[in-house]
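**Student:** Pasting a structure here, questions to come.
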Amino acid sequence: MQVSSMHFKRQASANLGNEKLQHALEKLQTKFVDGRAAAIAELPNFEELRSAAVEIRDRTLHRLDAYLVRFEQAASARGAVVHWAESAADVNRLVVEIARQHGVRKAIKSKSMVTEECALNDYLTNNGVEVLETDLGEYILQLAQEPPSHIVAPVVHKSKEDIADLFEKKHGRVRTTQIAALCREAREVLRPGFLAADLGISGANFIVAETGSVLIVTNEGNGRLTTTLPRVHIAITGIEKVVPTLEDATTLLRLLPRSATGQSITNYVSILTGVKGPNESDGPEHFHIILLDNGRSRLLGSELQAMLRCIRCGACMNHCPVYQNIGGHAYGWVYPGPMGSVLTPNFVGLENALDLPNASTFCGECAVVCPVKIPLPDLMRHLRRRQFERRLRSWPERVALRSWSWLAQRPRLYAIGTRIIARVLRIFAGGKNNLRFIPGLSAWTKDRNMPAPAGRTFRDLYRSRHRQ
Amino acid sequence: MSARENILTRIGNACASSAAVDIEKLIRSRQRGPIPPMEDDLTKRFSAQALRLASDVERAATLREVPGVIAAYLRVHRLLMQGVCWPALASYDWRNAGLDVQARAACADDMLGITGAFLGIAETGTLMLLSGALTPATVSLLPETHIAVLEKQRIVASMEDAWQQLRAEHGELPRAVNFISGPSRTADIEQTVTLGAHGPYRVLIIIVDG
Ligand code: SF4
């Protein structure tokens, strides 16, 4: 996917003024946020499960190499072929090679964010492999030629009217805005695609070291069709998705759908191991699994390692006041919201995503809801520090930060300084409650009012209360 | 160096301190995580959860009654009395109940698929199906109506219990283990749940007592 994270500010302000998008994003609150809360209220041992999930992820990351090799052995023993890819380009090349090797012309895909990292669809099309997205959301995006704006609900930014227009134009059928009818229409249009494809491409929610299995959760059933009907199946996944045992996968499954959509379990959970047996009528004859690094191993052993625990549930973005207002496209790459603000700089370079670690109110809600307890605000703060250290911030900002840190380390001076600033700002406010303009900070005050200091500084108040 | 070596070396360097951990031992221990508390009556729990996830649930006293229960259900829902079943269910007396059922894998045009189930999971009201020559995965997937026959004593509490049972009865995993929890659905358009996406529009589970 084309990176546009460097244009975050422009994209975000455009989206803030987009009334249709604002309306669409409201649904996140009622469906996902409330749905998650209800699902978790039903689970008396939710916190215990979260701790167990963290333990599983950390235990695996601790010996990630050994678990990946174990997975490779187990999968190969069942007839799957395991490939390793360092980069997105490697994945694309491998998929085309596999397609050629098996004489594939038509591919179907179930939803996979990892293949969005690779922009696989464009690459396949350019190399003579026709590819059809089959997750309803991803299919709509393929028709509209847009990237996803949410990792779980990729078309959250579109209204049913938008989709009705699109379907009418592309399918040439009678326009309908009834959601059930739109779903049926997509089913009918996509069925022949499933039947004609020789290759199914999927992601994986987890891969299991014990058994060499690929685990996929879906609601629509397209994941099952994709991995059952075509004679070749390629599963593409990040190296961090490995879990040791089926039991470990089960613990994580108790958290994933509840955190994502508020479901106790997704409609389908498929555990796929090896190729079809000699007497079996369905299942792929060839099963390829591609393990992608693409910057993930760089996170291991770093201050950002906890990010590799992520199970891609989307809860952090659903609960993020910034995401809720600007939507996913503003973030400019595959992964939006708080998890994206941490991941994207790692994938595309810190210098290309300067605003992302700063696109946060630091309310902390993302860390509160994350099922694997990733301290997202801390990780963003860490990225801010790296930006500062690598001199990626503008010089006035750096000077300001440096001066502040100098001042903050000198308590007496700090007390005098804040008192003076408070007084100056009060004079500047001229008796009003809000400051509409502060010299040198016009970029900030352009869209916001700064409350005028009310009177004494916090330190003064604290001291006088303490004395009483 | 190959991509594999590069990746494994990078990871190895990053986790160098922990080389001593014996992962085989950890894997074999198959430690279970916390399991949500549940009432003792697993059948009751299974039915209640299955209904919540929009499956239909019927009861039959014996396996012989199953074709009759299916015929009645199809009649009530005004569905065709015709479809396919797992070859494993070929010996059922479908004809006698007025059903035209072929024992084979499903094709795109089949409207009804009848399967058994390896186990039922009470925790979430979920069916567990194993693929195989006599239990093709397409039967629970392609038709618009999926009917599953589940014997009451095959209902276990949790997915963990299911893994234990699978290892005991089969040793290794079949090509596909499918956990099914109700009709296929999508909420991609305006986050509104719609039943019937690419898989079945309705799922009936017949719990057989005897
Ligand atoms: S960071 Fe946590 S909350 Fe966000 S997607 Fe990943 S697992 Fe879910």
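Note that the protein sequences, when read in sequence, are chains H and E.
When you line the first sequence up against the working numbering, it's residues 1 to 468, in that order.
When you line the second sequence up against the working numbering, it's residues 1 to 210, in that order.
Note that the Cβ used here is the ideal one computed from N, Cα and C, for glycine as well.
1) Do you know offhand how far Ile108 (chain H)'s Cα is from Pro230 (chain H)'s?
2) So, with DSSP's three-state summary, where would you put Val152 (chain H)?
3) Are the C-beta of Leu119 (chain E) and some C-beta of chain H separated by less than 9 Å?
4) With Ile11 (chain E) and Asp65 (chain H) assumed to form a contact (beta carbons below 8 Å), what rounded beta-carbon distance in angstroms separates them?
5) Could you tell me if the beta carbon of Ser360 (chain H) falls within a distance shorter than 8 Å of some heavy atom in the ligand SF4?
6) So what does DSSP say about Phe458 (chain H), is it helix, strand or coil?
7) Do the region 34-53 of chain E and the region 202-210 of chain E meet, that is, are 3 or more Cβ pairs less than 8 Å apart?
8) Alpha carbons only, please: which of H:Leu300, H:Asp293 and H:Asn267 is nearest the one belonging to Ser55 (chain E)?
9) I want to check one thing, is the minimum distance from the CB of Ile114 (chain E) to the heavy atoms of the ligand SF4 below 8 Å?
10) Would you identify the three-state DSSP class for Cys310 (chain H), choosing helix, strand or coil?
11) Beta carbon of Val473 (chain H), beta carbon of Glu72 (chain H): below 9 Å?
12) Check this for me: beta carbons of Thr135 (chain E) and Gly113 (chain E), under 9 Å apart or not?
13) Using a Cβ-Cβ cut-off of less than 8 Å, give me the residues of the region 161-187 of chain E that come near chain H, in sequence order.
14) Comparing the CB of Met113 (chain H) with every heavy atom of the ligand SF4, is any distance shorter than 8 Å?
15) For Glu210 (chain H), return the contacting residues in chain E, with the cut-off set at a CB-CB distance below 7 Å.
16) Going along the chain, which residues of its own chain have a beta-carbon closer than 7 Å to the beta-carbon of Thr481 (chain H), five neighbours each way excluded?
17) Taking Asp512 (chain H) and Arg105 (chain H) to be in contact with their CB atoms under 8 Å, please state how far apart those CB atoms are, rounded to whole angstroms.
18) Could you check the C-alpha separation between Thr211 (chain H) and Lys25 (chain E) for me, to the nearest Å?
19) Taking 8 Å as the line, does the beta carbon of Ser51 (chain H) fall inside it for any heavy atom of the ligand SF4?
20) Do three or more CB pairs link the region 412-424 of chain H to the region 437-445 of chain H at distances below 8 Å?
21) Indicate whether at least one CB of chain H lies closer than 9 Å to the CB of Val21 (chain E).
22) At a Cβ threshold of 9 Å, is Asp90 (chain H) touching chain E?
23) Quick one: list the residues of chain E neighbouring Asn267 (chain H), beta-carbon separation under 8 Å, in chain order.
24) Name the chain E residues whose beta carbon is nearer than 9 Å to that of Ser112 (chain H)?
25) From the DSSP output, in three-state form, read off Lys106 (chain H) for me.
26) Please list, in chain order, the chain H residues whose beta carbon lies closer than 7 Å to that of Arg4 (chain E).
27) Note down, in chain order, every chain E residue with its Cβ under 8 Å from the Cβ of Cys183 (chain H).
28) Have a look at Lys483 (chain H) and Tyr139 (chain H) and give me their C-alpha separation to the nearest angstrom.
29) Only counting runs of 3 or more residues, tell me where the beta strand (DSSP E) segments fall wholly within the region 110-198 of chain H, in order along the chain.
30) Ends of the beta strand (DSSP E) at Gly431 (chain H)?
31) On the DSSP letters alone, give me the boundaries of the alpha helix (DSSP H) that Gly340 (chain H) sits inside.
32) Assuming Thr60 (chain H) is part of the alpha helix (DSSP H), what are its boundary residues?
33) Looking at the structure shown, is Ala103 (chain E) part of a helix, part of a strand, or coil, going by DSSP?
34) Pick helix, strand or coil for Thr227 (chain H), following the three-state DSSP scheme.
35) If you measure between the beta carbons of Ile155 (chain E) and Ile207 (chain E), is that distance less than 9 Å?
36) Measure the alpha-carbon distance for Val155 (chain H) versus Asn18 (chain H) and round it to whole angstroms.
**Tutor:** Concretely, from the data shown:
1) Your numbering for residue 108 (chain H) matches position 108 in the first sequence. Your numbering for residue 230 (chain H) matches position 230 in the first sequence. The straight-line gap from Cα to Cα measures roughly 8 Å.
2) Reading the first sequence from its first residue, position 152 is the one you call residue 152 (chain H). Reduced to three states, the DSSP call for Val152 (chain H) is coil.
3) Residue mapping note: residue 119 (chain E) aligns to position 119 of the second sequence, counting from 1. It does not: the Cβ of Leu119 (chain E) has no partner Cβ on chain H nearer than 9 Å.
4) Counting from one through the second sequence, the residue named residue 11 (chain E) turns up at place 11. Counting from one through the first sequence, the residue named residue 65 (chain H) turns up at place 65. Confirmed, about 4 Å.
5) Your numbering for residue 360 (chain H) matches position 360 in the first sequence. Answer for Ser360 (chain H): no, Cβ out of range of the ligand SF4.
6) Taking the first sequence and counting its residues from 1, one reaches residue 458 (chain H) at position 458. The answer is helix: DSSP assigns Phe458 (chain H) an H, G or I state.
7) Short answer: they touch.
8) Working through the second sequence from its first residue, we reach residue 55 (chain E) at position 55. Here the closest residue by C-alpha is H:Asn267.
9) Residue mapping note: residue 114 (chain E) aligns to position 114 of the second sequence, counting from 1. No, Cβ of Ile114 (chain E) sits at least 8 Å from all heavy atoms of the ligand SF4.
10) By one-based count along the first sequence, residue 310 (chain H) stands at place 310. Of the three classes helix, strand and coil, the one that applies to Cys310 (chain H) here is coil, per DSSP.
11) Since the displayed chain H opens at 1 and closes at 468, residue 473 (chain H) lies outside it and no answer follows.
12) Counted from its first residue, the second sequence places residue 135 (chain E) at position 135. Counted from its first residue, the second sequence places residue 113 (chain E) at position 113. It is not a contact, given that the beta carbons lie outside the stated cut-off.
13) From the region 161-187 of chain E, only Trp163, Glu172, Leu173, Pro174, Arg175, Ala176, Val177, Asn178, Phe179, Ile180, Ser181, Gly182, Pro183, Ser184, Arg185, Thr186 and Ala187 have a Cβ closer than 8 Å to chain H.
14) Walking along the first sequence from the start, residue 113 (chain H) turns up at place 113. Because no heavy atom of the ligand SF4 lies under 8 Å away, the Cβ of Met113 (chain H) does not count as near it: no.
15) One-based indexing of the first sequence puts residue 210 (chain H) at position 210. Chain order gives the chain E residues near Glu210 (chain H) as Ile27, where near means a beta carbon separation below 7 Å.
16) One cannot answer for residue 481 (chain H) here, as it falls past the ends of chain H, which runs 1 to 468.
17) Only positions 1 to 468 of chain H appear in this structure, which leaves residue 512 (chain H) out of reach.
18) Taking the first sequence and counting its residues from 1, one reaches residue 211 (chain H) at position 211. Taking the second sequence and counting its residues from 1, one reaches residue 25 (chain E) at position 25. Those two C-alpha atoms are separated by around 15 Å.
19) For this step, residue 51 (chain H) is matched to residue 51 along the first sequence. Distance from the C-beta of Ser51 (chain H) to the nearest heavy atom of the ligand SF4 is not below 8 Å.
20) No, because fewer than three Cβ pairs between the region 412-424 of chain H and the region 437-445 of chain H fall closer than 8 Å, the two stretches do not touch.
21) In the second sequence, counting from the first residue as 1, residue 21 (chain E) sits at position 21. With 9 Å as the cut-off, Val21 (chain E) counts as an interface residue toward chain H.
22) Residue mapping note: residue 90 (chain H) aligns to position 90 of the first sequence, counting from 1. For Asp90 (chain H), the answer is yes, since a Cβ of chain E falls inside 9 Å of its Cβ.
23) Working through the first sequence from its first residue, we reach residue 267 (chain H) at position 267. What Asn267 (chain H) touches in chain E: Leu53, Ile180, Ser181, Gly182, Pro183, Ser184, Arg185 and Gly199.
24) As a working mapping, residue 112 (chain H) is identified with position 112 in the first sequence. For Ser112 (chain H), there are no neighbours in chain E by C-beta distance under 9 Å, as the nearest C-beta there is about 15 Å away.
25) Translated into the one-based positions of the first sequence, residue 106 (chain H) becomes position 106. It is a strand residue.
26) Taking the first residue of the second sequence as position 1, residue 4 (chain E) is located at position 4. Result: Trp84.
27) The sequence position of residue 183 (chain H) within the first sequence is 183, counting from 1. Those are Thr186, Ile189, Thr194, Gly196 and Ala197, listed as they occur along chain E.
28) Outside the displayed range of chain H (1 to 468) lies residue 483 (chain H), so it cannot be described from this structure.
29) 130-133, all fully within the region 110-198 of chain H.
30) Residue numbering aside, residue 431 (chain H) sits at position 431 when the first sequence is read from its first letter. For Gly431 (chain H), there is no enclosing beta strand (DSSP E), as DSSP gives it neither H nor E.
31) Working through the first sequence from its first residue, we reach residue 340 (chain H) at position 340. Unbroken alpha helix (DSSP H) run through Gly340 (chain H): Gly337 to Val348.
32) Sequence index remark: in the first sequence, residue 60 (chain H) carries index 60 (1-based). According to the DSSP assignment, Thr60 (chain H) belongs to the alpha helix (DSSP H) that extends over Phe46 to His62.
33) Counted from its first residue, the second sequence places residue 103 (chain E) at position 103. In this structure, Ala103 (chain E) counts as strand in the three-state DSSP scheme.
34) Stepping through the first sequence from its first residue, residue 227 (chain H) is reached at position 227. When secondary structure is reduced to three states using DSSP, Thr227 (chain H) falls in the helix class.
35) Within the second sequence, numbered from 1, the residue matching residue 155 (chain E) stands at position 155. Within the second sequence, numbered from 1, the residue matching residue 207 (chain E) stands at position 207. Between Ile155 (chain E) and Ile207 (chain E), the C-beta gap is smaller than 9 Å, which places the two residues in contact.
36) Against the first sequence, residue 155 (chain H) aligns to sequence position 155. Against the first sequence, residue 18 (chain H) aligns to sequence position 18. Each residue's CA atom was taken as its position, placing Val155 (chain H) and Asn18 (chain H) some 16 Å apart.
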